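The structure appears below as structure tokens.
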Amino acid sequence: MAQLNSQLGWKTILSLAFQSLGIVYGDIGTSPLYVFASTFTNGISNKDDILGVLSLIIYTIVLIPMLKYVFIVLWANDNGNGGAFALYSLICRHVNVSLIPNQLTEDKVLSNYRIETPSNKLKQKLENSHFARILLLLVTIIGTSMVIGDGILTPSISVLSAVSGISKSLGQDAVVGITVAILVILFSIQRFGTDKVGFLFAPIILLWFLLIGGIGIYNLFKHDLGVLHAFNPRHIIDYFKRNGKQGWISLGGVFLCITGSEAMFADMGHFNVQAIQISFSFITFPAILAAYSGQAAYLRKFPGKVSNTFYESIPGSLYWPTFVVSVAAAIIASQAMVSGVFSIISQALSLGCFPRVKVVHTSTKHGGQVYIPEVNYMFMIAWIAVVCDMIVTTSLVSLIMFVIWKKNIWLVGLFFLPLSCIELLYLSSQLTKFIGVGFLPLVSAMFLTMIMGIWHYVLKERYIFELNNQFSMDYLRELANNPNINRVPGIGLVYCELVRGIPLIFTHLIANMSSIHSVVVFVSIKAIPISRVALEERFLFSRVEPREFRVFRCAVRYGYNDVLDDPIEFENQLVQKLKEFIRQGNFMLEVKGTTIGTEQVPTSPATNEIEMSSSDSNDQSLEVYVVESMEGVENEIKFIEKAMKEGVVYLLGEAEVVAEPKSSLLNKIVVNFVYSFLTKNFRGGDELMAIPHKRLLNIGITYEI
């Protein structure tokens with residue numbers, strides 16, 4: 092990540108830091124609207140409890156958003172991308188824990204792969220334990236689902252809390268109606284992209300921080316400067332001594348002061364480490380501490396007004412300006428979770444853990460900025476559990492620190508144990524709210540975990556089915572000698588999951604049509620556990636013998652932030668790379684020297700195989716051989732160009748996945764009903780790749796898993 096940051100000038104970093112205000116901190120920045128009211132739900136019985144709660148707020152913010160996320164977790168990014176799936180992708184790159192066996196040795200030489208293979212007992216245990224590999228993926232999916240589950244309620248709670256400032260004037264029904272209208276508008280503008288939305292929102296959030304920070308300092312000096320004694324953690328101990336179980340339950344309200352912390356990490360693809368560190372340390376952190384301290388000072392004098400502390404503590408002349416800005420800031424609070432969810436689902440989709448949805452990259456400058464229409468409108472219709480994702484992040488980062496960063500086990504324990512204990516304490520407090528509205532995000536997270544787990548399970552089993560039913564190269568040799576097989580002019584792109592072998596879909600095509608195109612390319616769209624694959628490294632070609640049959644294999648490698656190009660551009664790139672492969676992938680000879688450098692050492696011009704029997708082979712025969720070989724290469728390239736002019740046809744398997752008749756009832760329900768429902772109601776592969784329907788040939792095939 093240091094390398095990435097070094098490529099950005101300070102002007103760009105400061106611009107990103109400013110833009111991050113409008114995307115990352117809306118949620119944590121608007122928490123002062125409701126934290127004290129949510130903590131003291133039964134009123135304040137002892138004024139010293141205000142110091143205890145303020146002390147809890149201060150050290151919760153210092154330990155989790157500041158220490159954990161800003162100064163540690165942000166560095167555990169995957170080429171500038173954050174979130175649970177980015178952590179999982181980073182672990183998969185260094186430790187072979189992927190459940191889908193489609194790894195290629197060539198992938199490790201990609202420029203963005205950046206891997207130092209760790210070697211320790213934990214790595215070996217993870218790779219050798221199937222249970223551990225499943226558990227690691229499941230934990231990642233659960234953590235991701237928790238962020239999304241939290242995102243269902245965050246927008247409505249934030250906006251409702253801000254708009255409630257006019258409840259005395261207009262009534263609660265008007266507040267609800269205005270909130271709904273605001274949320275509809277918010278989700279409607281998502282398609283314009285984070286880049287535009289960020290610059291629109293950043294000035295508002297900056298003004299918000301200046302207002303709440305200024306009001307906080309005003310209240311601090313006017314009412315009770317003594318609340319600064321809350322920086323002494325002794326007040327936390329005294330608070331729990333006085334309140335016992337009720338103090339533990341109140342942690343659910345205190346925790347609201349750091350909701351949105353996970354968004355800082357999940358939104359990294361939109362910005363970078365230095366930008367977020369600068370904006371949090373110099374703007375967000377001091378502003379919210381001043382706001383909470385000022386409210387505490389106000390409550391020390393007016394403890395009876397805790398139910399609406401924020402608005403009650405505003406000086407009269409600033410009430411309406413602050414109200415307007417607070418509503419705007421609450422709208423932006425929703426943006427932090429929405430942006431984070433878009434990034435997370437984009438990563439999950441690339442790693443085979445989410446049904447196919449359309450991912451729109453909204454910025455040419457910053458690759459991580461995405462918009463997902465289906466998810467956006469689902470949230471607009473549907474819109475606590477984020478603490479669970481914090482625990483998952485702590486666990487995954489601890490694993491990265493030990494296995495990849497190779498830190499001492501005691502140092503890892505110093506990070507993991509205190510933070511996990513704090514987060515588990517908050518989690519236990521949050522669970523007391525399950526019987527209330529707290530069940531909604533948790534149930535939503537459980538539902539999403541089930542969907543993502545089922546999708547990845549079937550995808551894995553489908554790949555293994557293809558792997559077990561692939562045909563050997565002998566099949567293609569027999570096909571080459573079969574006079575009943577017709578060759579149709581043009582290029583046929585046969586899409587398959589396999590990165591090796593002859594896929595079942597191809598044999599199914601031959602059995603039903605007895606004809607194939609003059610040039611055939613087996614195309615495998617392969618997700619690589621990195622954020623981006625450079626264009627010059629994207630296409631990995633190999634030749635499928637016999638040579639004269641002109642069948643090739645191409646693994647098209649994409650990172651989880653790469654976008655599938657439009658079909659015309661994709662075709663041109665593929666054919667261009669195919670011609671480069673034919674030129675470079677055969678052999679190189681030094682005609683006048685004695686050294687022969689080869690990638691494939693040929694024996695005849697027809698087959699590109701040569702046997703150099705001895706060093707006394709004369710230069711004249713070599714020159715004749717080179718000329719003939721080069722002529723063969725150029726003739727093959729001309730043949731490819733001619734086939735390109737004839738047209739490119741996409742051959743996709745319209746696979747129906749069904750459970751084996753002898754499989755369990757659970758497997759039949761998962762495959763025959765749930766997975767079938769998802770495939771029918773989400774996008775197909777041809778829609779994601781924007782393949783022209785006039786050039787698409789779907790091949791029906793059934794997989795039993």
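Okay, so the sequence shown: first residue is 92 according to our numbering, each after it adds one.
Even for Gly, the Cβ is constructed at its ideal location relative to N, Cα and C.
Since the structure is predicted, the reported quantities are computational estimates derived from the model, not experimental observations.
For the 7 Å CB-CB criterion, V647 and F630 form a contact. Following the DSSP letters along the chain, one finds T132 in no beta strand (DSSP E), marked with neither H nor E. Shown here for E588: same chain residues with a beta carbon closer than 8 Å to its own, the five before and five after excluded, namely N193, R553, Y554, E557, P594 and S615 in chain order.
In the DSSP assignment, the residues bridged to K617 are R648. If you draw a straight line from the Cα of L145 to the Cα of V761, it is about 49 Å long. Distance between L787 and L301, taken at the CA atoms: about 57 Å. Between T598 and F643 the beta-carbon gap is near 17 Å, outside 8 Å, which marks them as no contact. Assigned with DSSP and collapsed to three states, N726 falls in helix.
At the C-beta level, G307 and A424 stay beyond 7 Å of one another. Residue burial is scored here from C-beta neighbours: T132 has fewer than 16 other C-beta atoms within 10 angstroms and is therefore classed as exposed. Residue pairing for F538: DSSP places it in no beta bridge. When the Cα atoms are used, E569 and Y179 turn out to be separated by approximately 43 Å. A420 is a Cβ neighbour of W299, given a cutoff of 7 Å. Counting only the Cα atoms, I119 lies some 19 Å from Q365. For the pair L342 and N334, the Cα-to-Cα distance works out to about 12 Å. When DSSP states are grouped into helix, strand and coil, G581 belongs to the strand group.
For I225, the three-state secondary structure derived from DSSP is helix. The three-state reading of DSSP puts I405 in coil, since its state is none of H, G, I, E or B. The C-beta distance from A750 to N758 rounds to 5 Å, short enough to meet the 8 Å contact threshold. According to DSSP, residue pairing for F632 in a beta bridge involves C645. The shortest C-alpha to C-alpha distance from D139 to any of G791, I601, K392 and K102 is the one to K392. In the same chain as F109, and ignoring 5 residues on each side of it, the C-beta atoms closer than 8 Å to its own belong to A293, L297 and S370, in chain order. Residue environment for M604: exposed (fewer than 16 other C-beta atoms within 10 angstroms of its C-beta). If you look at E745, you'll find it in the beta strand (DSSP E) that goes V739 to V749. Judged by DSSP in its simplified three-state form, E588 adopts coil rather than helix or strand. For Y794, the pairing in a beta bridge is given by DSSP as V748.
V494 and I482 have their C-alpha atoms roughly 18 Å apart. Assignment of S106 by DSSP, reduced to helix, strand and coil, places it in the helix class.
Linking F162 to V230 through their CA atoms gives a straight-line distance of about 23 Å. Contact annotation: L600 and I790 have beta-carbon atoms nearer than 7 Å.
According to the DSSP secondary-structure assignment, H608 is paired through a beta bridge with V579. Contact between the region 650 to 670 and the region 722 to 739 is present: 3 or more CB-CB pairs across the two stretches fall below 8 Å. Residues of the same chain with a CB within less than 7 Å of the CB of I269, apart from the 5 flanking positions on each side, are V254 in chain order. Separation of V765 and E795 (C-alpha to C-alpha, rounded to the nearest whole angstrom) is 15 Å. Residue burial annotation: R641 is buried, with at least 16 other C-beta atoms found within 10 angstroms of its C-beta.
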